[in-house]
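Under my numbering, the first residue of the sequence shown is numbered 1316, with each subsequent residue one higher. All residues carry an ideal CB built from backbone N, CA and C; glycine is no exception. Since the structure is predicted, the reported quantities are computational estimates derived from the model, not experimental observations.
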Amino acid sequence: MSTRKLFDPLLREILEKIALDPRSHLLRAPKLVVPSQREAPVRDREALLTRAERRLVAVHRFEVADLLLQEVRRAVSAHEEAKGQHMRYISADRVFETPGKTALKTRAQNSLSVVPQDIQTEDAASLLARCVRTTPGGRPSPVQLATASLRLVPRESTRICLGMALHQAGQTQSGLEVLWGVVRSKPSELMLSYAWQNIAHLEYDLDHTCKTLDALRAAALTRDRRGDPAMSWFKQALKVGDSAEMLRSAKLVEEALPVGHASIAYYIQMCTDPGRRHPGEISDESRRVFSKIEDRLPKQAWRIGHALSKTE
């Protein structure tokens, strides 16, 4: 659900007061974040809070934290899609489908039917931005939005998004520190998998080949056995030409994603898209290693490896 919609009038009134009150500081987040400082949840009885801020914390804490997190995800997603990169940090191993003309027409008609009567009413995203920004007329960064969300509800999913936002802001080492903090906090197996996968994402952008492989292996081998990091693990193993890693990751791909799973076709399309690939990503030596073991690979991994090794 997007934050760009009308919401609870009472919450809107509270946020309006927070945005207009120069004493408000609850959601005002700094542009720079010190990763070692983990945000503690604010309490509604804290002395420096304004009356509106206390009301928000007491009644709407989780709702506003979720709205802020949605805005972070939207901004991070737009940035990664613009770069032509895969959304590793929000993937849910879902089936990817391309809607046909009829479905698109229906969606458009449904959207028109729910346009608010008062089109002048400020949307939630803009109002939240006014509460978070630290300079008049400015727009808060994803880092600031994530920091504000963490003040209300400290969650590992938000910290993962903060790590990605820091990376996109050019603070890759800070992003890694945040993500490593998630790993060390002993989160759920699912959050642990996502944290490792995002660490791999950052290490990949830093061109740390072996560290990327290690992080993807860790992401894939959590108890959740997610298909997305398993496929990425296999791809990275192919890239470095490690036959043992290819065979091990291929087995996990087969276990996590049954034959015919749409994620395989989507992943192959994504990986072989010329606009998303780096020239020379799969070396001739890696292709030779793949050719020696391809007969031993399960069907799903073979499809991925065959597509990658034939498209440069």
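Across the set Glu1368, Ala1515 and Ala1616, the C-alpha of Ala1515 shows the shortest separation from the C-alpha of Glu1492.
Of all alpha-carbon atoms in Ile1597, Glu1596, Thr1587 and Leu1553, the one lying nearest the alpha-carbon of Glu1609 is that of Leu1553. Take Thr1524, set aside five residues on each side of it, and the residues of its chain with a beta-carbon closer than 8 Å to its own are Gln1551, Lys1554 and Val1555, in chain order. When C-beta atoms of the region 1455-1472 are compared with those of the region 1371-1389, three or more pairs fall below 8 Å, so the two segments count as touching.
Under the 10 Å beta carbon count, Asp1588 is surrounded by fewer than 16 other beta carbons and is classified as exposed. Look at Arg1343 here: in three-state DSSP terms it is coil, with no helix or strand label. Under the three-state reduction of DSSP, Gln1486 is assigned to coil, being neither helix nor strand.
Counting along the chain, the unbroken alpha helix (DSSP H) around Thr1587 starts and ends at Ala1577 to Thr1587. Taken atom to atom, the span from the alpha-carbon of Glu1361 to that of Thr1487 is near 33 Å. The closest CA to that of Leu1330, considering only Gly1496, Asp1438 and Lys1607, is found on Asp1438.
For Pro1324, the enclosing alpha helix (DSSP H) begins and ends at Pro1324 to Leu1335. DSSP places Thr1365 outside both helix and strand once states are collapsed to three, so it counts as coil. Apart from the 5 residues on each side of it in sequence, Arg1389 has no Cβ closer than 6 Å to any other Cβ in its chain. Burial check for Leu1572: the Cβ neighbour count within 10 Å reaches 16 or more, so the residue is buried. Around the beta carbon of Leu1325, fewer than 16 other beta carbons sit within 10 angstroms, so the residue counts as exposed.
Taking a C-beta distance under 8 Å as the contact criterion, Leu1442 and Arg1358 do not qualify as a contact pair.
If only uninterrupted beta strand (DSSP E) runs of at least 3 residues are considered, none is enclosed by the region 1448-1501.
Going by DSSP, Pro1544 is part of the alpha helix (DSSP H) stretching over Gly1542 to Val1555. DSSP places Val1357 in no alpha helix (DSSP H); its state is neither H nor E. Burial is judged here by how many other beta carbons sit within 10 angstroms of a residue's own beta carbon; Arg1603 has fewer than 16 and is exposed.
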